[in-house]
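Take a look at the structure below.
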Amino acid sequence: MIEIIKKNQQAYGEFNNGEIVENKPIGFPLEGGTLKPYSNIFYWAHAKASVDSVIGLHPHKGFEIISIVLKKGIKHYDTLVKKWIDLKKGDVQIIQSGSGISHSEAINKDAAIFQIWLDPNLEKSLSQPATYKDYSEEEFFAIGNKKVLIGEGSPLEVKTEGIEMFELNLKETFTMKCNKENYYSFYVLSGNPTINNNSVEQDDFIRIKHEQELIINPKGETKLFCIISPTDVSYPTYAG
């Protein structure tokens with residue numbers, strides 16, 4: 729089954745009177761949008777800034793929060809490291825928010841990021857101390873057209889079960905086998921490819937399950953971001 733969620737079907741958010749705007753393939757439960765949290769992915773936002781803009785200090789608990797810099801750069805501050813940290817395009821940070829942490833983000837003009845919240849089993853994570861770690865783009869290695877951010881060969885590890893995360897940079901047909909026990913969640917960063925003969929375009933979100941294989945045909949250069957996650961999670965998730 730292949731579901732295509734267009735940008736105008738995704739949840740919308742903004743900060744600072746629209747200085748930062750977000751389209752959210754998976755928004756918070758009351759935000760609207762076609763999709764609600766599923767598997768152990770609780771939240772997924774694509775944010776971009778039209779001017780330099782700061783999201784003030786705010787708290788998190790329990791979730792593993794991953795931010796990926798897609799364009800330009802951002803700065804990060806939290807109550808654990810207690811200093812501003814610069815992150816550039818391709819860098820990734822993970823906050824395992826555990827029993828509690830507060831952070832602030834300064835997003836540079838024309839910068840874009842993903843922020844993704846994973847549910848690692850809050851019954852356990854809420855009693856664990858918070859941690860922060862960031863990784864430079866150079867720490868992630870591409871094999872052919874695939875760059876792995878979470879999974880085999882990546883330095884970034886999460887406690888959330890069954891998660892793989894990677895980017896695909898495609899110039900020719902790409903085929904991947906699928907496990908029927910997984911979701912395959914794609915975000916189109918650029919290009920107008922087809923996935924199993926379904927046409928998609930930039931900022932489309934595609935949720936896939938129960939397919940034996942995926943055949944992706946790019947039209948020109950295509951960049952896709954993918955998360956693999958379980959269809960059945962072994963613990964109760966916050967979203968139920």
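Using this note's numbering, read the sequence shown as starting at 729 and increasing by one per residue. Using N, Cα and C, we set each Cβ at its ideal position, and we do this for glycine too. Note that this is a predicted model, so its numbers are computed, not measured.
Beta-bridge partners assigned by DSSP to tryptophan 812: none are found.
Nearest Cα to glycine 919 within the set Glu909, Asn910 and Phe933: Phe933.
Distance from the CA atom of glycine 790 to the CA atom of threonine 807, rounded to whole angstroms, is 15 angstroms. Here the alpha carbons of proline 787 and threonine 859 stand approximately 14 angstroms from one another. DSSP lists Lys951 as the beta-bridge partner residues of serine 918. Here the region 821-830 lies against the region 843-860, with 3 or more beta-carbon pairs under 8 angstroms apart.
In this structure the region 798-814 lies against the region 825-835, because at least three pairs of beta carbons, one per stretch, are closer than 8 angstroms. Within the region 835-890, the runs of beta strand (DSSP E) at least 3 residues long that lie entirely inside it are, in chain order, 840-846, 859-863 and 874-878. Each residue's CA atom was taken as its position, placing aspartate 814 and valine 797 some 11 angstroms apart. Around the CB of glutamine 738, 16 or more other CB atoms lie within 10 Å, so the residue is classed as buried. When secondary structure is reduced to three states using DSSP, lysine 735 falls in the helix class. When the Cα atoms are used, lysine 776 and asparagine 736 turn out to be separated by approximately 16 angstroms. When the beta-carbon positions are compared, isoleucine 844 and tryptophan 772 come within less than 7 angstroms of each other.
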